[in-house]
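This report refers to the structure that appears directly beneath it.
The structure is reproduced here in structure tokens:
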């Protein structure tokens, strides 16, 4: 089977993950990180890209962007090529630095856009690199939380897209931090278990029907490409039941505004699974 075609569209919003080959460390020192941020800014303006969030990790980076022209692939290829040239020259290295194919996740819903931004900003906390997210220098967290001056992040447009303000965003992220990272109930659970506890915390009063809540969670997990075999195992249902649940919830969301509202909120509050 061939690779799925890359989506290159105008006004598309994407979560980008670009990883190094063979777990190579992408950023060895501050000079390399500064250079990447510098060319990210240059390529942003060259390709007319809006950037809503970024995070540099050890062997990969995250971007949350909007393309104003159908040029997603060209933007990432150019960015990666320029950084690889600099990196290889500085480190007396040859060959590819990045994996041939970067990951791009198309974001078509406002709630999920909000959720992905939170996921990117808290990546260093999730990876236990820092104890507090504001202590990490190489992402856009402090641009949003402490108004750090930055020429890359289109913060105001991000707020406008979601019809929110700074106070709402800070409360949204902090509520998650306090619940998820400082509550022992979430220690050592697998992804589905953690996510179900999270959603139950937020929605047990709003959606007292436990079966409906379960069905909405199954729909969310399938929609976000979580492995079907793990969904079947966790919920102890058959593949046929999973399929019927997905189709049933899909129809409910289409027909019932209340269910649509509940599902949109679940997309805002859930954990992100992107493998």
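In the working numbering, the protein residues as written are 831 to 1105.
Even glycine gets a Cβ: it sits at the ideal position worked out from N, Cα and C.
Review point. For residue 937, which residues from the same chain have a beta carbon less than 7 Å from its beta carbon, with the 5 sequence-adjacent residues on both sides left out?
Key: Position 107 of the chain shown, counted from the first residue, corresponds to residue 937. The residues are 843, 844, 845, 943, 946.
Review point. Of the choices 859, 860, 899, 893, whose alpha-carbon is the least far from that of residue 878?
Key: Here residue 878 refers to the residue found at position 48 when the chain shown is read from its first residue. Comparing Cα positions, the closest option is 899.
Check your understanding: Are residue 1048 and residue 1075 close, meaning C-beta to C-beta below 9 Å?
Key -> Taking the first residue of the chain shown as position 1, residue 1048 is located at position 218. Taking the first residue of the chain shown as position 1, residue 1075 is located at position 245. Cβ distance < 9 Å, so residue 1048 and residue 1075 count as in contact.
**Study point:** Stretch pair the stretch 921 to 938 + the stretch 899 to 913: three plus CB contacts closer than 8 Å
**Key:** Enough Cβ pairs lie closer than 8 Å, so yes.
Review point. Among the residues of its own chain, which have a CB less than 7 Å from the CB of residue 992, if the five just before and after it don't count?
Key: Counting from 1 along the chain shown, the entry for residue 992 is found at position 162. The residues are 940, 943, 944.
Review point. When the Cα of residue 1006 is compared with those of 1038, 1035, 1102, which residue comes out closest?
Key: As a working mapping, residue 1006 is identified with position 176 in the chain shown. Among 1038, 1035, 1102, the Cα nearest to that of residue 1006 belongs to 1102.
Point to revise | Beta-carbon contacts of residue 1037 that lie in its chain and below 7 Å, excluding the five residues immediately before and after | key: Here residue 1037 corresponds to residue number 207 of the chain shown, with the count starting at 1. Excluding sequence neighbours, residue 1037 sits near 1043, 1092.
Review point. Got a sec? Which residues, its chain only, sit under 6 Å from residue 1054 by beta carbon, not counting five neighbours each side?
Key: Numbered from its first residue, the chain shown carries residue 1054 at position 224. So the list reads 1103, once near-sequence residues are dropped.
Practice item. Check residue 856 in the structure and name its three-state DSSP category. Key: Translated into the one-based positions of the chain shown, residue 856 becomes position 26. In this structure, residue 856 counts as coil in the three-state DSSP scheme.
Practice item. Taking 8 Å as the threshold, find out whether the stretch 968 to 982 comes into contact with the stretch 880 to 889 through three or more Cβ pairs. Key: Touching, per the Cβ criterion.
Exercise for review: Rounded to whole angstroms, what's the CA-CA distance from residue 915 to residue 861? Just pull it up for me.
Suggested key: Indexing the chain shown from 1 puts residue 915 at position 85. Indexing the chain shown from 1 puts residue 861 at position 31. Taking the straight line from one Cα to the other gives about 14 Å.
Practice item. Per DSSP, which residues does residue 848 bridge with? Please list them. Key: One-based indexing of the chain shown puts residue 848 at position 18. Partner(s): 891.
Review point. By Cβ distance, which residues of its chain are closer than 8 Å to residue 1082, with the 5 residues on each side in sequence left out?
Key: Position 252 of the chain shown, counted from the first residue, corresponds to residue 1082. The beta carbon of residue 1082 sits closer than 8 Å to those of 1089, all from its chain and outside the five residues before and after it, given in chain order.
Review point. Where residue 831 and residue 1056 are concerned, what is the direct C-alpha to C-alpha distance, given to the nearest angstrom?
Key: Within the chain shown, numbered from 1, the residue matching residue 831 stands at position 1. Within the chain shown, numbered from 1, the residue matching residue 1056 stands at position 226. Note on residue 831: pLDDT 40, under 50, position unreliable in the model; the coordinate value appears next. Cα to Cα, the separation comes out at about 20 Å.
Check your understanding: Quick one: is residue 1096 buried, meaning 16 or more other Cβ sit within 10 Å of its Cβ, or exposed?
Key -> What you label residue 1096 is simply residue 266 of the chain shown in a count that begins at 1. Residue 1096 is buried by the Cβ-count criterion.
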